[in-house]
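Under the working numbering, the first residue of the sequence shown carries the number 994, and numbering increases by one thereafter.
Backbone N, C-alpha and C define an ideal beta-carbon position, used for all residues, glycine too.
All values derive from a computational prediction rather than experimental measurement.
Read the structure below first, then the notes.
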Amino acid sequence: MLRSFWSVVVLSLLWALPAHAQEDFLPVEQAFRLSVSQDADGQVRLNWKISEGYYLYRKQVKVEGDPSGSVKAVILPPGIVKTDEFFGASEVYHDQLAVQVNAPGAQALNVSWQGCAEAGICYPPQTLRVTLDDVAATPVAASGTSAGDAVSASSGALGADQALADRLSRVNPGWMLVVFFGLGLLMTFTPCVLPMLPILSSLIAGSGASPRRGFILSLAFVLPMALTYAGVGAAAALAGANLQATLQNPWVLGT
């Protein structure tokens, strides 16, 4: 049984490395580049340049004005119907999106959107505040900063995860196994594991087991949990999908 356990662990790590290496997703601000311009008559134009292999949801593009009620109309072009694992059948945009906003008297706009990659990752919803006094013909994002410089907290976290995945994909599998084994040992001392100790101790002490039988009982108690986690990890690695994005599915959220 021990040999089977370690085989599953090693295979899950080896499968995970190619999955990370192959799915090199762009940071959200590079996948969906937003620029804002304003006409002389006060019409605001939002333009997204969408990278190849990515798409935006039509229903997730929202614009709110400051002060409230200053946005009179948001004109969205029709999209292409696409069915995916995250939102089912939805209208989406590829390549580019141009939105016209009629917002006379607005001092700022709060622009929200959400997009996904064809390869199987859905980014968290993004929101940028655009101060109209600072808008020119150049790309503008939140509070007058350039779109290349403005990164929301959620996109920054996503970029950090991608950087970590890239570093892990270049690590030797042998060292990877040692590192994760060491991290697993450290996790056994975390508070969430401590309640398991009296449960396991009572099982062993209650049976009046010898040291050998106690070891077998401990192994029988711990090994199924370890195999379950290893199996789930291997399945996620083989799928190459972002579990966080999967949990955003409306069926999971109950929406």
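How big is the Cα-Cα spacing for residue i and residue j?
{"i": "ALA1229", "j": "LYS1065", "result": "45 Å"}
{"i": "LEU1090", "j": "GLY1113", "result": "21 Å"}
{"i": "SER1195", "j": "PHE1025", "result": "56 Å"}
{"i": "GLY1081", "j": "ALA1198", "result": "53 Å"}
{"i": "VAL1074", "j": "VAL1054", "result": "15 Å"}
{"i": "ASN1165", "j": "VAL1171", "result": "10 Å"}
{"i": "TRP1168", "j": "LEU1178", "result": "15 Å"}
Which two residues bound the contiguous alpha helix (DSSP H) that contains residue i?
{"i": "GLU1022", "result": "1021-1024"}
{"i": "GLY1167", "result": "1166-1180"}
Measure the Cβ-Cβ separation of residue i and residue j and say whether it is below 8 Å.
{"i": "VAL1056", "j": "VAL1067", "result": "yes"}
{"i": "GLY1270", "j": "LEU1102", "result": "Residue 1270 lies beyond the range of the chain shown here (994 to 1248); nothing can be said about it."}
{"i": "SER1063", "j": "GLY1035", "result": "no"}
{"i": "LEU1212", "j": "LEU1121", "result": "no"}
{"i": "LEU1176", "j": "GLN1031", "result": "no"}
{"i": "SER1083", "j": "TYR1050", "result": "yes"}
{"i": "GLN1100", "j": "PRO1060", "result": "yes"}
So the candidates are the options; which of them puts its Cα closest to the Cα of residue i?
{"i": "PHE1079", "options": "PRO1060, SER1063, PRO1097, PRO1118", "result": "PRO1118"}
{"i": "ASP1077", "options": "SER1028, ASP1034, ARG1205, TYR1048", "result": "TYR1048"}
{"i": "GLN1023", "options": "LEU1069, SER1030, PRO1070, ASP1088", "result": "ASP1088"}
{"i": "GLN1093", "options": "TYR1050, CYS1115, ARG1038, PRO1020", "result": "ARG1038"}
{"i": "ALA1033", "options": "ALA1096, ASP1017, LEU1019, LYS1052", "result": "ALA1096"}
In terms of residue numbering, what span does the beta strand (DSSP E) encompassing residue i cover?
{"i": "ASP1059", "result": "1055-1059"}
{"i": "THR1183", "result": "Looking at the DSSP string, THR1183 is not in any beta strand (DSSP E), and its letter there is neither H nor E."}
{"i": "GLU1084", "result": "1081-1086"}
{"i": "SER1063", "result": "Unbroken run through SER1063: none, as it is neither H nor E."}
{"i": "ASP1034", "result": "Careful: ASP1034 lies outside any beta strand (DSSP E) and carries neither H nor E."}
{"i": "GLY1108", "result": "1108-1110"}
Could you check whether the Cβ of residue i sits closer than 7 Å to any heavy atom belonging to the ligand PLP?
{"i": "PRO1117", "result": "With respect to the ligand PLP, the structure shown offers nothing to examine, as it has no ligands at all."}
Requested in this report: Decide if the stretch 1039-1050 is in contact with the stretch 1108-1122; the criterion is three or more beta carbon pairs, one per stretch, under 8 Å apart.
Outcome: yes
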